[in-house]
Structures are given as structure tokens and as C-alpha cells.
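Student: I have a structure here, written as C-alpha cells, and I will follow up with some questions on it.
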Amino acid sequence: MGVLMYGSPSIEVSFDDRALTHLQIVITAKLRRRESFVFSWADSAEVGSGRSSIWIDPSSTLFYRFYGSRVPAINREWIDVLMDSANSGSGLFFTAEPGTKERSAHR
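As C-alpha cells, this is what we get:
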């Protein structure tokens, strides 16, 4: 289980390492183009369900903490789905890997 830390003091959001790797690729691509966007996810039942969002821009403080030592294989289809979402008017909404059961984020 990896952690995305945002801001200072940081908000910590847990995703499995595979999901976090894919999110890192999409978020980095947007920030390299100096594009700001909203990032949203469904919260897990452990934190009361619901939905959370953060505003990400090139000045955002982000830290990705992976607990596994191996970089997972990249699913190009998942990157495309996440990037399409990030480029929409609603911003990036975390969705599970195509073909898998949906996973919520933990906060």
C-alpha cells in the first residue's frame, strides 16, 4: 500500500503501489505541461466513505511513498483512462484498473 502525500502539512491518501504508480505517471504528465486540475477519489468505508478532492497545480507539494521495491508493469489502457479523466472538465477521478474490481482510496 503506497501513500500520496499532498501539501504542507500533508494530506495522506493511500493507494496500492500499482494504482499509485499509474497516478504518478498521469499527474506528472499534467504537471510537466504546467496544467492544473482537480484530483478526486472515492473514500473507503474505513474513513466514512464519500468522496474527496484536492486541487493540484505545478506549485503543489507532492510526495509518493511506495512500500514495494519493484516498479509494477504499466497498463497503457489504464493510463489512457486516467489521462482522459484528467483532461476532462471534471478533472482526474481515480478509477480502478480496467478489468478489475474497483478499489477505493484510504485517507
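In the numbering used here, the protein residues as written are 7 to 113. Backbone N, C-alpha and C define an ideal beta-carbon position, used for all residues, glycine too. All values reported here derive from a predicted model rather than from experimental measurement.
#1: By the DSSP assignment, the alpha helix (DSSP H) with Val-32 in it spans what residues?
#2: Is the segment 79 to 89 touching the segment 50 to 69 in the sense that three or more CB pairs, one from each, lie closer than 8 Å?
#3: Identify, in the order they occur along the chain, each residue of the same chain with its Cβ nearer than 8 Å to the Cβ of Ile-80, setting aside the five sequence neighbours on each side.
#4: Taking only the alpha-carbon atoms, compute the straight-line gap between Ser-66 and Gly-95 and give it to the nearest angstrom.
#5: Taking all protein chains shown into account, do 16 or more other C-beta atoms lie within 10 angstroms of the C-beta of Gly-105, making it buried, or fewer, making it exposed?
#6: Determine the DSSP secondary structure at Ala-48, reduced to helix, strand or coil.
#7: Between which two residues does the alpha helix (DSSP H) holding Val-87 run?
Tutor: According to the structure shown:
#1: Mapped onto the sequence shown, residue 32 falls at position 26. 23 to 38 is the span of the alpha helix (DSSP H), which, as asked, contains Val-32.
#2: no
#3: Indexing the sequence shown from 1 puts residue 80 at position 74. These residues qualify, in order along the chain: Thr-27, His-28, Ile-31.
#4: In the sequence shown, the residue the question calls residue 66 occupies position 60. In the sequence shown, the residue the question calls residue 95 occupies position 89. The alpha-carbon atoms of Ser-66 and Gly-95 are separated by roughly 20 Å.
#5: Taking the sequence shown and counting its residues from 1, the one referred to as residue 105 is at position 99. Per the 10 Å Cβ criterion, exposed.
#6: Residue 48 sits at position 42 when you count from the first residue of the sequence shown. Note: Ala-48 maps to strand in three-state DSSP.
#7: What you label residue 87 is simply residue 81 of the sequence shown in a count that begins at 1. Looking at the DSSP string, the run of the alpha helix (DSSP H) that includes Val-87 is 82 to 92.
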